[in-house]
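Numbering-wise (my numbering), the sequence shown opens with residue 15 and increments by one.
By construction, the Cβ of each residue, glycine as well, lies at the ideal position given by its N, Cα and C atoms.
The structure appears below as C-alpha cells.
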Amino acid sequence: MKKEVERKFLVRSDEWRPLAVQSKKIRQAYLDFCPRLTVRVRREDDKGFLTLKSASEDGGLTRHEWEKEIDPAEADLLIDRMSRGHVIEKTRYLVPWEGKIIEVDEFRSPRPGLVVAEIEFDSPEEARDFNALPPWLGREVTGDPVYRNVYMAQHG
Numbered sequence: 015m016k017k018e019v020e021r022k023f024l025v026r027s028d029e030w031r032p033l034a035v036q037s038k039k040i041r042q043a044y045l046d047f048c049p050r051l052t053v054r055v056r057r058e059d060d061k062g063f064l065t066l067k068s069a070s071e072d073g074g075l076t077r078h079e080w081e082k083e084i085d086p087a088e089a090d091l092l093i094d095r096m097s098r099g100h101v102i103e104k105t106r107y108l109v110p111w112e113g114k115i116i117e118v119d120e121f122r123s124p125r126p127g128l129v130v131a132e133i134e135f136d137s138p139e140e141a142r143d144f145n146a147l148p149p150w151l152g153r154e155v156t157g158d159p160v161y162r163n164v165y166m167a168q169h170g
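Rendered as C-alpha cells:
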C-alpha cells in the first residue's frame with residue numbers, strides 16, 4: 015500500500031494549457047462514503063481501477079491508498095449500477111513543472127467549469143518545502159473538503 019502525499023490548488027488562468035503533454039478522460043464514482051475510508055471506482059480512458067483511500071490525519075496532505083486495475087467493463091458496471099451519489103466526470107491534463115507533474119482536472123460533472131490542480135510528492139517534508147509554484151495556480155485548497163472528489167460525489 016502506498017502513501018499518497020499531495021497538495022491541491024485552484025487554477026486561476028489557462029496559462030497551463032500549452033504546457034500540457036497528455037490528457038485523459040476520467041469517469042469515477044464512489045461505492046461507499048465512510049468517514050475513515052473511501053471506496054472509489056474509476057474509468058480512465060481504456061482502463062478501470064478500484065481504489066481504497068484512508069482518511070487523512072494531517073489536514074489532507076497524506077493518505078494511504080490501495081489501487082488495483084480492473085476490467086474497464088467492470089468499472090463501467092460498478093459506476094452505473096452500484097455507485098452512490100454523483101458521478102464525477104473530468105478531463106485530467108498532465109503538466110510538467112520544475113521536476114514534477116501537475117495534474118490539472120477540468121470538471122464536467124458535477125461542477126462544470128471547476129479547475130483544480132494536484133501535485134504529488136515523495137514525502138510530507140518535500141510537499142511543505144516545495145515553493146516553485148507556477149503563476150497560474152491560485153489559492154491552495156489541500157485541506158478544504160469542499161474540493162475533494164468524494165465531497166463532490168456526495169454533495170454535488
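Item	Value
Under the three-state DSSP convention, the category Val-160 falls into	helix
Any alpha helix (DSSP H) of 4 or more consecutive residues that is wholly inside the segment 81-129	86-96
Proximity to His-89 [Cα-Cα], best of Ile-102, Arg-56, Ile-116, Leu-75	First, the amino acid is wrong: residue 89 is Ala here, not His. Nearest of Ile-102, Arg-56, Ile-116, Leu-75 to Ala-89, Cα basis: Arg-56.
At least three beta-carbon pairs within less than 8 Å, the segment 150-166 to the segment 81-97	no
Local conformation of Leu-33 per DSSP, three classes	helix
Given 8 Å, three or more beta-carbon pairs between the segment 117-132 and the segment 54-74	no
Touching by the beta-carbon criterion (3+ pairs, under 8 Å), the segment 37-45 and the segment 19-29	no
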